[in-house]
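Reading through the structure tokens given below for one structure.
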Amino acid sequence: VTGRVVDDKGAPISFVTALLFNEEGSEAIAGTSTDDFGHFSFENLSDATYRLSVSMVGYGTSVSVFQLSSNKNLGELKLQTAVEELAETTVTAEKPTIEKSAGKLIFNVQNTSLASGSVTNLLLKTPGVVVIDDIKIRNRSTTVYINNRRLYLSPSQVMSFLTNMDASLVKSVEVITNPPAQYDAEGGSVLNIITVKPISVGYKASVNGGYQIGIKPKYSLGTTQFYKNDWLDFYGNYTVNRRLEYKNQDDRIQFFDRGVVDDVWITDFNRDTRFYSHQANIISEIKLSKKEAINLSANLFYVPNKEFDNHSRTEIFNSASQLDSTFRTQSDLSNQQHNLTFRGEYKATLNENNSVLTAAGSYISYMQDQDQNVSTDYFLPNGDFIRNNAFQTLSLQNTDILIGELDFAHPIEAGSFTSGVKYSNIETDSGLDYFSTNQNQGVFIEDLSDSFLYQESIYAAYVNFSKQWSKWKMVLGLRGEYTDVKGTSRSLGQVNTQEYMEWFPTASFEHTLEDGNSVGLSFVRRITRPRYQSLNPFKYFLNDFNFNGGNPNLVPGINNRVTFSYTIANKIFFELYYEKQKNTLSTLSFQDNVNKNIRNIESNLIEDLQYSLDMVYSESITSWWYFSTYNSLFYLQNEFFAEESVREIYQNKTWGLYHQLYSNLKLSKDRTLSADLTSVYFSNYIYGSYDMGERYSLSIGLRKSFWDNQANVSVGVDDIFNTNNIIVVSKYYNQDNSYFPKPESRLFRFTFKYNFGNTRLNDRRRNRTIKEAERLD
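Each residue of the sequence shown is one higher than the one before, counting from 1 in my numbering.
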């Protein structure tokens, strides 16, 4: 038995529940859900009379009775949209906070107290997502997408972007551990953030404000606007943030002389950050006909002036633990940046089978202008002044990205076939001028200055095939990418060129057992490319003895992962996987025991691998308590070249445990008051040469809706016990250094949101998402 579920306008609906009953039976004898094209199927049925029920939240229910004597196609089953007048009745649609399928976990946060504050805070509570300087899934840095469109940003820029993005705009977070072939092969897993898009007829809008404080206050104010008629669907959003941030960090370096401790340097570092940021998004869908539409979008992220006030005090002790000298560094940095994205997309339904052709193009402009002034005073142990050293750096970076893509999707019986091509071109021109400013005289230092031009072109093509039977699901895909890279350091006279072709197969199989449980097996191959910042060889000085530097000799890292999954009653999910990566990209820190400095260099590890057993459990324990937990027992191991040691290779390894608990509690009979509790425990972890100890955090949030759900207030505290910050240690051979970063982790947050306009009509179609809301570098 086959069929297809569509809405009242003939568009296919995915994830519809289809239950099959005997004609007079009260218990379902089989069940399935529709695929992306609305298809469903049941197999191995006996000749009899059956009753079929298809339903989904936000729609009515369709019931069909039919006689089966041979293969039967029920054709299109239409579900009518359920529109509720809130003035007459209130409809509460409960949907699970966690949805799990093969290779994907969906964390729904809309209308919870988690949808407040920044998106970075939201990701801290997302199962399987770890935020340590950047965003990691399964102990790997991940590629971030917004509404299926990739963010072309560095890890630090992604963190800045998401910190300034309001969590109230987020509908759900998708953690995709086995990305299909239509996604770029770049990165390990994919984190796809789906934003809210009510699509009611008429006009509706909202205003929201937020306040956070740890040590310094942070404010946000925004508005969201929606308008829809028969031919236009418009969405606009603007948010302004004013953030004051504070960070304290303790550093320790133990230098050696022929294996014996020579000096110990202890630093107390403090940073105050002040900035405004503006974020605006405009998305419009123009319907040319019933089968054609144009999507246009523009996104802006603008920081007019971000100021850093850094000051540190370093004490140097000799081998007898006596104070030898001190120095104090004052570093003032101002930064201006913008991200501007334009995207156009044409989508056409080609035939009666609803094959879809999509053509899209994007242009992204990124600019960053930075001015840094560093002054260091040196003192004797008794406090007498010795000397001063001061310098200034001026850096400017301009990046232009062009993207063109063409995709074709063709539904087949209980499955789909998709294919596409994509071209992307990145050009970056960046430079740094270094000036010695001793005696207030700016002297240009050519050896410490540079200009770097980076060009990258990627040509990609893919095919993807999915098929669903009554008890089997299969997805097969193949993606090919040809990459052409050229990096030119004009001042150093270095040119780095790379050309390579790589193939990236994906495969997943899932089988439903007789008891309703399921097993699955998947394989994916991915690539991690060095970005232009990493290939740039010039140095960025934090002080006279600490600098960051790029590496023009970096090569891509190739990753292979095999995963076995087992699901119990669609509530408990187990995944056992093995992953190995060659030439893993990482940042390695090396202390020079002769010249007494430390450098942080972008590097290729020789290899790294991990084994992991993950478990996710989610269930509504009662009508008022939803509970989920995510647990991961893992083993990590890597090898790298120890550049400052006699022995050439060092192997770093550890066992670890990640544990997360989440509860959502309905605290009132009318369900307008709810609470969220999240606890996270993370034991040992390694990154390159660094070892990180255990951390723990507990967060709580409350959300209250009132005025017939037209307004809501959320309050919460993140990291109540202020236990999320940890010491990071690199200790092997003749290397012994550590740092203890302590940014504002314990935060109190308060948000208010008010909805107005046509709030009574709601279309809850879950199969529609904004495809073009791309916020790129």
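Every residue, glycine too, gets a C-beta built ideally from N, C-alpha and C.
By the neighbour-count criterion, in which a residue is buried when 16 or more other Cβ atoms sit within 10 angstroms of its Cβ, Trp265 is buried. Lys171 is classed as buried because its beta carbon has at least 16 other beta carbons within 10 Å across all chains shown.
The beta-carbon separation of Ala461 and Gly480, rounded to 6 Å, stays under the 8 Å limit for a contact. Straight through space, the alpha carbons of Tyr690 and Gln637 are spaced by roughly 12 Å. For Trp655, the pairing in a beta bridge is given by DSSP as Tyr635. Here Leu169 carries a helix assignment [DSSP, helix/strand/coil]. Annotation: Ser284 to Tyr238 spans about 15 Å, alpha carbon to alpha carbon. Under the three-state reduction of DSSP output, Leu535 falls in the helix class. Counted as a single uninterrupted DSSP element, the stretch harbouring Thr326 is not any alpha helix (DSSP H) but the beta strand (DSSP E) occupying residues 323-349.
Straight-line spacing of the CA atoms in Ser220 and Tyr211 works out to 7 Å. By the C-beta criterion, the segment 335-348 is judged to be in contact with the segment 281-298, since at least 3 inter-stretch pairs fall below 8 Å. In this structure, Lys100 and Val616 form a Cβ contact; the two beta carbons are roughly 6 Å apart against a cut-off of 8 Å.
Boundaries of the alpha helix (DSSP H) around Thr120: 119-123.
In terms of Cα proximity to Arg695, the closest of Ser705, Leu702, Val680, Phe706 is Val680.
For the alpha helix (DSSP H) assignment, the segment 674-715 encloses no uninterrupted run of at least 4 residues.
Excluding sequence positions up to five before and after Glu427, its CB lies within less than 6 Å of the CB of Asp400, Gln455, all in the same chain and listed in chain order. With 16 or more other Cβ atoms from the protein chains shown falling within 10 Å of its own Cβ, Ala409 counts as buried. In this chain, Asp515 is not harboured by any beta strand (DSSP E), its DSSP state being neither H nor E. Per DSSP, reduced to three states, the secondary structure at Pro217 is strand. Counting C-beta atoms within 10 angstroms of its own C-beta, Leu350 has fewer than 16 neighbours from the protein chains shown and is therefore classed as exposed. Non-local beta-carbon contacts of Gln80 in its own chain, meaning distances under 6 Å to residues more than five positions away in sequence, involve Asp8, Gly60 in chain order.
Comparing C-alpha distances from Asn382 to each of Trp503, Asn737, Phe327 shows the shortest one belongs to Phe327. Straight through space, the alpha carbons of Asn388 and Tyr378 are spaced by roughly 6 Å.
If you ignore the 5 residues before and after Asn631, its C-beta comes within less than 6 Å of the C-beta of Met615, His659, all in its own chain and listed in chain order. Judged by beta-carbon spacing, Ser325 lies beyond the 7 Å limit of Lys753, meaning their Cβ atoms are not closer than that value.
Less than 7 Å separates the beta-carbon of Leu123 from that of Val131. In the displayed model, Asn22 falls within a strand according to three-state DSSP. In the three-state scheme derived from DSSP, where H, G and I count as helix and E and B as strand, Asp447 is classed as helix. In this structure, Ser375 sits away from Gln439, with a CB-CB distance that is not shorter than 7 Å. Contact annotation: the segment 738-746 touches the segment 719-729, with at least three C-beta pairs closer than 8 Å.
A check of alpha carbon separations from Tyr366 across Val158, Ser612, Glu619, Gly693 identifies Val158 as the nearest. If you draw a straight line from the Cα of Gly3 to the Cα of Ala11, it is about 14 Å long. Annotation: the continuous beta strand (DSSP E) that includes Gly75 extends over 73-78.
By the C-beta criterion, the segment 35-43 is judged to be in contact with the segment 463-477, since at least 3 inter-stretch pairs fall below 8 Å.
Shown here, Gln441 sits in coil according to DSSP, grouped into three states, outside any helix or strand. One thing to note: Asn464 has its Cβ within 7 Å of the Cβ of Pro180.
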